[in-house]
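Novice: Numbering (my numbering), first residue to last: 286 to 410. We put the CB at the ideal spot given by N, CA and C, even for glycine.
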């Protein structure tokens, strides 16, 4: 048993990301890098990372091309014939924070740290 200070508590940062007039994918990838802890000097791949992200103006994110009408989100209820579709335009009108959160979730590694990292993502109301 050693005694001493814990280095892990020193580098806790909170980043504020203004998403106004920025592209959805660009903002999401920037947030995913921060949530993984890759901008921190004590980055470890098997740790969730201590950095937090606060997103402002998520409702003012832009997308290019015809993605608003062409992009479709699918989910399945588990019953036969129950494949649900939701266009990006409708999903963004309902909850732009959820659209950005799901985009970030898909950019993070698919492992048990995914949810712990997403808990550090907050949205300005």
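Where does residue 393 sit, in a helix, a strand or coil, going by DSSP?
Specialist: Three-state DSSP puts residue 393 in coil, outside helix and strand.
Novice: What does the alpha-carbon distance come out to for the pair residue 359 and residue 350?
Specialist: Going from the Cα of residue 359 to the Cα of residue 350 covers about 20 Å.
Novice: At which residues does the beta strand (DSSP E) containing residue 299 begin and terminate?
Specialist: Per DSSP, residue 299 belongs to the beta strand (DSSP E) from 299-303.
Novice: Is it true that the stretch 300-307 meets the stretch 364-377, where meeting means three or more beta-carbon pairs spaced less than 8 Å apart?
Specialist: Result no; under three Cβ-Cβ pairs closer than 8 Å.
Novice: Ignore the nearest five residues each way along the sequence and tell me which others in residue 342's own chain have a CB closer than 7 Å to its CB.
Specialist: The answer, listed in chain order, is 303, 304, 305.
Novice: Could you say if the stretch 308-317 and the stretch 384-398 meet the contact criterion of at least three C-beta pairs nearer than 8 Å?
Specialist: Cβ pair count under 8 Å is three or more, so yes.
Novice: Sort out for me which residues DSSP pairs residue 383 with in a bridge.
Specialist: Note: residue 383 sits in no beta bridge, so no partner.
Novice: Assuming residue 409 and residue 340 form a contact by the criterion Cβ under 8 Å, report the distance between their Cβ atoms to the nearest whole angstrom.
Specialist: Rounded, the Cβ-Cβ distance is 7 Å, consistent with contact.
Novice: How about residue 320 and residue 368: are their beta carbons less than 8 Å apart?
Specialist: Going by C-beta atoms, residue 320 is not nearer than 8 Å to residue 368.
Novice: In chain order, what residues of the same chain have a beta carbon less than 6 Å from the beta carbon of residue 377, not counting five sequence neighbours either side?
Specialist: Cβ neighbours of residue 377 beyond the five flanking positions: 384.
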